[in-house]
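Read the structure below first, then the notes.
Protein chains: 2
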Amino acid sequence: MSDTIEQKCLAKGAKLTDQRKIIAKVMSESTDHPDVDELYNRVSKIDSKISIATVYRTVKLLEESGIIERHDFKEGKSRYEPSAEEHHDHLIDIKTGEIIEFVDKEIEELQIKVANKLGYKLVDHKLELYGIKKKS
Amino acid sequence: MSDTIEQKCLAKGAKLTDQRKIIAKVMSESTDHPDVDELYNRVSKIDSKISIATVYRTVKLLEESGIIERHDFKEGKSRYEPSAEEHHDHLIDIKTGEIIEFVDKEIEELQIKVANKLGYKLVDHKLELYGIKKKS
DNA sequence: GTAGATGCAAAGTATTTGCGACAAG
DNA sequence: CTTGTCGCAAATACTTTGCATCTAC
Chain B
1 MSDTIEQKCL AKGAKLTDQR KIIAKVMSES TDHPDVDELY NRVSKIDSKI SIATVYRTVK
61 LLEESGIIER HDFKEGKSRY EPSAEEHHDH LIDIKTGEII EFVDKEIEEL QIKVANKLGY
121 KLVDHKLELY GIKKKS
Chain E
1001 MSDTIEQKCL AKGAKLTDQR KIIAKVMSES TDHPDVDELY NRVSKIDSKI SIATVYRTVK
1061 LLEESGIIER HDFKEGKSRY EPSAEEHHDH LIDIKTGEII EFVDKEIEEL QIKVANKLGY
1121 KLVDHKLELY GIKKKS
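Protein chains in written order, with my numbering: chain B, 1 to 136; chain E, 1001 to 1136.
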């Protein structure tokens, strides 16, 4: 797992510092969508000397390398998650803030079709559903 | 047009000040998606004494009243547009920043279906397509 | 040894807020 | 009158950056 990350960093000509290894490891083990502050907390538990500036610089690096993905949900800050093999979108519970990941091929295909119809080639998209849990 | 906005403000128990009238009018006449700074520029041309704090307070008020909508595209700031009768989504040209509005009923329906499948009632959603113009 | 990375604190953006003055209802 | 609103400047939240030091390669 971290091998891959390290290889990707090297491929970019980036130096493999301890800080980067730690941040990459913590991110790759995250199953939620931490913001920078939360990531900084987790990383600090491993090495308390890492500065938040380095965390900011590293998430930017990892994002540009396609290793993690940034999301701007309806808050004032960015959240990150490791890039998945298969693309997915998010449903956010507006009561609890819980984030559920989902995949829907039909929607994906329709998006491409819509973009085409408008004369565009789709290169990226963002789909977020906001909902409240139904009583079961 | 501005009648509606004024009525809606009054219904909320909000006072109908000159500043609000001007900001609401400028927004209702906007066909693009201005950010607060741009809105402030436009408003200042009509009344140069209006402060940017008032613009921030007013867009928040108008948004909470459902009169305008906020969007967080992939920038660090919010953009606004008057609420439309019919809901629509956006396609953003990643080269030029141009924003194209579109409607696709099929996607809308699928979203509701997906949310239901996950046990949620869909109350809101955000769909943004990012693309590059195809040579015609 | 050298280019690139780090830590720190200062600087930048975007946005919010406390407060005294003011105006709408 | 009274309550909400305004303008101003200070404050906040998130993120970036200049610089001297340090470290991976």
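From the three backbone atoms N, C-alpha and C, an ideal C-beta is built for every residue, glycine too.
Proximity of residue 120 (chain B) to chain E, defined by a Cβ-Cβ separation below 8 Å, is satisfied.
In the DSSP assignment, residue 122 (chain B) falls within the unbroken beta strand (DSSP E) covering 120 to 133. Where residue 106 (chain B) is concerned, the enclosing alpha helix (DSSP H) starts and stops at 105 to 117. Residue 89 (chain B): member of the beta strand (DSSP E) spanning 89 to 93, first to last residue. Interface residue (Cβ-Cβ distance to chain B less than 8 Å): residue 1032 (chain E) is not classified as such.
Exclusion of the five residues before and after residue 55 (chain B) leaves 23, 36, 39, 40 and 43 as the residues of its chain whose Cβ lies within less than 7 Å of its Cβ. Note: residue 1069 (chain E) is bridge-paired with E:1081 in the DSSP secondary-structure output.
With a threshold of 16 other beta carbon atoms within 10 Å, residue 114 (chain B) meets it and is buried. Within chain E, the residues 1104, 1107, 1127 and 1129 have their CB atoms less than 9 Å from the CB of residue 111 (chain B), given in chain order. For residue 1022 (chain E), there is no enclosing beta strand (DSSP E); the enclosing alpha helix (DSSP H) has its first and last residue at 1018 to 1028. Residue contact check for residue 1095 (chain E) against chain B: no CB pair falls below 8 Å. For residue 1035 (chain E), the pairing in a beta bridge is given by DSSP as E:1079. Going by beta carbons, residue 64 (chain B) and residue 33 (chain B) fall outside the 8 Å limit. Under the Cβ distance rule, residue 53 (chain B) does not count among the residues neighbouring chain E, no pair being separated by less than 8 Å.
The alpha-carbon of residue 1121 (chain E) is positioned some 27 Å away from that of residue 1130 (chain E). From the beta-carbon of residue 99 (chain B), no residue of chain E is found nearer than 9 Å; the closest lies around 11 Å away.
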